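Undergrad: One structure is given below, represented as structure tokens, and several questions about it will come after.
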Amino acid sequence: MGALAAIVGGIALVPLSLAVSLYGKVPLPVTLLLGHAAAAGLVVAVSASSDATAKRTTGLLGKDQRTGRISKLSVIAWWPYHVGLQTKLFIQWRKNKGPKGEPLYNQVAPQLYIGGWPKSLAVLPPGRELSVVDVTCELPRTHNTGGGYLCLPTWDTHAPDAAAIQRAVEFSLSQLQLGRDVYVHCAHGHGRSATVLAAVLIAGGTAKSPEEAVALMRRVRPKVRLNAKQQAALLAWIDHISKLN
22 MGALAAIVGG IALVPLSLAV SLYGKVPLPV TLLLGHAAAA GLVVAVSASS DATAKRTTGL
82 LGKDQRTGRI SKLSVIAWWP YHVGLQTKLF IQWRKNKGPK GEPLYNQVAP QLYIGGWPKS
142 LAVLPPGREL SVVDVTCELP RTHNTGGGYL CLPTWDTHAP DAAAIQRAVE FSLSQLQLGR
202 DVYVHCAHGH GRSATVLAAV LIAGGTAKSP EEAVALMRRV RPKVRLNAKQ QAALLAWIDH
262 ISKLN
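Residues in the sequence shown are numbered from 22 upward in steps of one, following the working numbering.
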């Protein structure tokens, strides 16, 4: 079981326990509300619990892969998870405002940025027309930069497959050729986005190996770290492109 599944599943047990222990002692709507919160968390936990389920359930929260938007109906249906996630991100943003906090994004190479989920257009890298590679399935697109947009819906702690990574590489390199900056993001800018940007750095000739690509990112963003699944995905991409050439 992955870290996301363990954390979300563990938290979901709290409202579940309350719903069971308070059944018949509180108004029925309160019990149903607690049950809904528990069910939403447990479904997300199961969905992200393994590679097999994670790859099949990236559309669970209703994110449109073309537009990056999450429908209002999906927000209502999955509000317990969304509220929990947004609360976590808000706390993280407040913490990062301190002198030792991590910035939302960092520039890794000319025209290439890595970072966390942008809550609005205003917090994105300034300057020229910006293209965005979004490696989340749980967070909505909140911007229209005027540049290109590519969504690779992926659960936290997991990674896109080799073909999806290659799509991101081709997209990013094409946007760079148009003179646009490229921002690759996930929720925090540590794992999913780093997996994709590592491939872009290698394909573009800025890095010669996964180790060098990660070192380049960690030089400006020390919390970048690929877990075992993400390292395997990057190696699978290298094998994938070697067969294409």
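For every residue, glycine included, the Cβ atom is placed at its ideal position computed from N, Cα and C. This structure is a prediction, so every number in the text was calculated from the model and none was measured.
Counting C-beta neighbours from all protein chains within 10 Å, is the total for residue 84 16 or more, i.e. buried, or is it exposed?
TA: Within the sequence shown, residue 84 is the residue found at index 63, counting from 1. Residue 84 should be labelled buried.
Undergrad: Can you check the stretch 123-205 for any beta strand (DSSP E) of at least 3 residues that lies completely inside it and give the ranges in chain order?
TA: The beta strand (DSSP E) runs of length 3 or more contained entirely in the stretch 123-205 are, from start to end of the chain, 126-130, 133-136, 151-155 and 170-172.
Undergrad: Considering only residues of the same chain and omitting the five flanking positions on each side of residue 209, which have a CB-CB separation below 6 Å?
TA: For the purposes of this step, residue 209 is identified with residue 188 of the sequence shown, where counting begins at 1. Closer than 6 Å at Cβ, skipping near neighbours: 137.
Undergrad: Please state if the CB of residue 215 and the CB of residue 223 are separated by a distance shorter than 7 Å.
TA: Position 202 of the sequence shown, counting from 1, holds the residue named residue 223. Position 194 of the sequence shown, counting from 1, holds the residue named residue 215. It is not a contact, given that the beta carbons lie outside the stated cut-off.
Undergrad: Going by the CB atoms, is the gap between residue 99 and residue 82 shorter than 7 Å?
TA: Against the sequence shown, residue 82 aligns to sequence position 61. Against the sequence shown, residue 99 aligns to sequence position 78. The answer is yes: Cβ separation under 7 Å.
Undergrad: Would you tell me roughly how many angstroms separate the C-alpha atoms of residue 183 and residue 60, rounded to the nearest one?
TA: As a first step, residue 183 is located in the sequence shown; it is residue number 162 there, counting from the start. As a first step, residue 60 is located in the sequence shown; it is residue number 39 there, counting from the start. Approximately 32 Å between the Cα atoms of the pair.
Undergrad: Report back the beta-carbon spacing between residue 228 and residue 258 to the nearest angstrom; my notes put them in contact at under 8 Å.
TA: The sequence position of residue 228 within the sequence shown is 207, counting from 1. The sequence position of residue 258 within the sequence shown is 237, counting from 1. For residue 228 against residue 258, the beta-carbon gap comes to about 13 Å, at or over 8 Å, which does not count as contact.
Undergrad: Using CA atoms only, rank isn't needed, just tell me which of 174, 64 and 74 is closest to residue 28.
TA: Position 7 of the sequence shown holds residue 28. Measuring from the Cα of residue 28, the nearest candidate turns out to be 64.
Undergrad: Nearest-angstrom Cα distance between residue 237 and residue 129?
TA: Position 216 of the sequence shown, counted from the start, is the residue given in the question as residue 237. Position 108 of the sequence shown, counted from the start, is the residue given in the question as residue 129. Straight-line Cα distance between these residues: approximately 7 Å.
Undergrad: Does the distance from the CB of residue 164 to the CB of residue 142 come in under 7 Å?
TA: The residue labelled residue 164 in the question sits at position 143 within the sequence shown. The residue labelled residue 142 in the question sits at position 121 within the sequence shown. Their beta carbons are under 7 Å apart, which means residue 164 touches residue 142 by this criterion.
Undergrad: Quick check: the stretch 167-179 against the stretch 146-156, are there 3 or more CB pairs under 8 Å?
TA: yes
Undergrad: Tell me where the alpha helix (DSSP H) around residue 77 begins and ends.
TA: On the sequence shown, position 56 is the one that residue 77 refers to. Boundaries of the alpha helix (DSSP H) around residue 77: 72-77.
Undergrad: Less than 7 Å separating the beta-carbons of residue 62 and residue 97?
TA: Here residue 62 corresponds to residue number 41 of the sequence shown, with the count starting at 1. Here residue 97 corresponds to residue number 76 of the sequence shown, with the count starting at 1. Result no, Cβ atoms of residue 62 and residue 97 do not sit closer than 7 Å.
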